[in-house]
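Okay, structure first, notes after.
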Amino acid sequence: TTMRIVCILVVTLGVNISSFSAAFLPYYKCLPNESIPSSSSTLFASPKKKSTAEEEDLKPHIFIDRFGCTLERLERMLPEHHQYINETEYYELEARANWLRQRLDLNEKEMTKLVQKFPVILSKKPETHLKKLEYLQSRLKMSDAKLRSVIKKAPSLLGYSIDDNLEPKLKYLQSRLQLNDNKLRSVIEKKPQVLGYSIEDNIEPKLCYLQERLHLNESQVGKLISKSPPILGLSMDASLEPKIAWLQERLNLTDTQVSKVIWKAPPIFTYSISNKMERNLDWLQQRLQISNARAQKIIIRLPHILAFSIEHKMEPTLKWLQHRLLLENSSDLATIVEKVPTLLSCNIETNLEPTLDF
Numbered sequence: 002t003t004m005r006i007v008c009i010l011v012v013t014l015g016v017n018i019s020s021f022s023a024a025f026l027p028y029y030k031c032l033p034n035e036s037i038p039s040s041s042s043t044l045f046a047s048p049k050k051k052s053t054a055e056e057e058d059l060k061p062h063i064f065i066d067r068f069g070c071t072l073e074r075l076e077r078m079l080p081e082h083h084q085y086i087n088e089t090e091y092y093e094l095e096a097r098a099n100w101l102r103q104r105l106d107l108n109e110k111e112m113t114k115l116v117q118k119f120p121v122i123l124s125k126k127p128e129t130h131l132k133k134l135e136y137l138q139s140r141l142k143m144s145d146a147k148l149r150s151v152i153k154k155a156p157s158l159l160g161y162s163i164d165d166n167l168e169p170k171l172k173y174l175q176s177r178l179q180l181n182d183n184k185l186r187s188v189i190e191k192k193p194q195v196l197g198y199s200i201e202d203n204i205e206p207k208l209c210y211l212q213e214r215l216h217l218n219e220s221q222v223g224k225l226i227s228k229s230p231p232i233l234g235l236s237m238d239a240s241l242e243p244k245i246a247w248l249q250e251r252l253n254l255t256d257t258q259v260s261k262v263i264w265k266a267p268p269i270f271t272y273s274i275s276n277k278m279e280r281n282l283d284w285l286q287q288r289l290q291i292s293n294a295r296a297q298k299i300i301i302r303l304p305h306i307l308a309f310s311i312e313h314k315m316e317p318t319l320k321w322l323q324h325r326l327l328l329e330n331s332s333d334l335a336t337i338v339e340k341v342p343t344l345l346s347c348n349i350e351t352n353l354e355p356t357l358d359f
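Going by the working numbering, the sequence shown opens with residue 2, and the numbers climb by one from there.
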């Protein structure tokens, strides 16, 4: 049939499905006897009740036409929920999307991204979402704006059970990390995906590793995570350990020194070794003509240097210092930076210049 040809073109030639939908859907509605043997009709097929071709075709099209989802993503994300979707009228799915958009005060672009990330979100009725939204807002004392931000980052939260997932995870995090309500809220705002991580297989082993590797007590590891919640989303083997090992080897740091560096700048775990930290350190040593030992002293005192922009931060500041302090060579500049490395973190216009004028 003609529909088979359309499916072949979409799958084999990579034709944009949204464009096909907009162009051909009106045409197919005029073909009353033609069935639609596509992957989407299989996905949304009902064992109880047969829909007409038009009704069957409309249901996936709210995901495709309005929200730009691909058939492949729908096949991957919705298998366990196709019965709920199939039993729901097209206009009910649209009403659910409109309700959620209004409740979270999202524009159409934001709502589209939400559905693309988590199509299953439309398998639940508004009252189910409302219960979870009110729970999160009440439990974490969130404003509407913060709640909206959290759901935009992790719409999958609306798929979790309050009793079996959300509340147990929040209790565990608050107790394990020794966080007050404000700190707990801050962690979830910055890394809401943590509520989807397994405590036994992910979070607890990671916290134990950090405590042992960096010689931290429970209170300290809680403060470390509250400073940089994204750490909880990093792999021990692929990210945490390699970066600690690189710091120790590259700067010849002891366990105590590397712990001090990470304690001062926990986001260091999120920096790329090759594209950021190694590049910054090599540049600094070359620019100031300093040894590893002198670079070590600077990094221990201001580890954030490893994340600064060379072009927009460090080079302009060093040039300004050399010119403004009448320093004749790199050796004099290096001495200044080694004594007061925090100068590299200061803003020239709002901090350095007014201070020197005074």
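Idealized CB from N, CA, C, for every residue including glycine.
Next on the checklist: If distances are taken between C-alpha atoms only, which option among Ala335, Leu180, Gln179 comes closest to Ala294?
Outcome noted: Ala335
Item to check | Alpha-carbon spacing of Leu248 relative to Lys207, whole angstroms | outcome: 19 Å
Checklist entry - With a Cβ-Cβ cutoff of 9 Å, do Pro193 and Ile152 count as a contact? => result yes
Item to check | Beta-carbon contacts of Ser220 that lie in its chain and below 6 Å, excluding the five residues immediately before and after | outcome: Gln179
Item to check | Beta-carbon contacts of Gln212 that lie in its chain and below 6 Å, excluding the five residues immediately before and after | outcome: Val222
Checklist entry - Can the beta-carbon of Ile300 be found less than 9 Å from the beta-carbon of Thr271? => result no
Next on the checklist: I'd like to know whether the C-beta atoms of Lys132 and Ile163 end up nearer to each other than 9 Å.
Outcome noted: yes
Checklist entry - Using the rule of at least 16 other Cβ atoms within 10 Å of the residue's Cβ for burial, across every protein chain shown, is Ser22 buried or exposed? => result Here the model assigns Ser22 a pLDDT of 47, short of 50, so the residue's position is not dependable, and the following value carries that caveat. Result: buried.
Checklist entry - Terminal residues of the continuous alpha helix (DSSP H) containing Lys170? => result 168-177
Checklist entry - What residue from Asp202, Tyr210, Ser346, Ile226 has the CA that sits closest to Ile189's CA? => result Ile226
Checklist entry - How about Pro230 and Lys191: do their beta carbons lie closer than 9 Å? => result yes
Item to check | Span separating the alpha-carbon of Asn348 from that of Pro355 | outcome: 10 Å
Checklist entry - Going straight from the alpha carbon of Tyr210 to that of Lys172, what length do you get? => result 21 Å
Checklist entry - What's the C-alpha gap between Leu137 and Leu328? => result 56 Å
Checklist entry - Roughly how many angstroms lie between the CA atoms of Ala46 and Ser124, to the nearest whole one? => result Bear in mind that the predicted position of Ala46 carries a pLDDT of just 36, short of 50, making it unreliable; the figure below should be weighed with that in mind. If you take the alpha carbons of Ala46 and Ser124, they lie about 15 Å apart.
Checklist entry - Count the other CB atoms within 10 Å of the CB of Ser260; is the residue buried (16 or more) or exposed (fewer)? => result buried
Checklist entry - Is Ala296 helix, strand or coil when you go by DSSP? => result helix
Checklist entry - At what residue ranges does the stretch 218-249 contain a whole run of the alpha helix (DSSP H), taking only runs of 4 or more? => result 219-228
Checklist entry - With distances taken between CB atoms, is the gap from Leu357 to Met315 smaller than 9 Å? => result no
Checklist entry - Do you know how far the Cα of Pro304 is from the Cα of Ser157? => result 35 Å
Checklist entry - Could you give the distance in angstroms between the alpha-carbon of Met112 and the alpha-carbon of Ala146? => result 15 Å
Checklist entry - What number of angstroms, rounded off, separates the C-alpha of Ser273 from the C-alpha of Ser310? => result 13 Å
Checklist entry - Do you know whose CA, among Ala98, Gln103, Leu134, lies nearest Gln117's CA? => result Ala98
Next on the checklist: Please report the distance separating the alpha-carbon of Ser139 from that of Leu159.
Outcome noted: 15 Å
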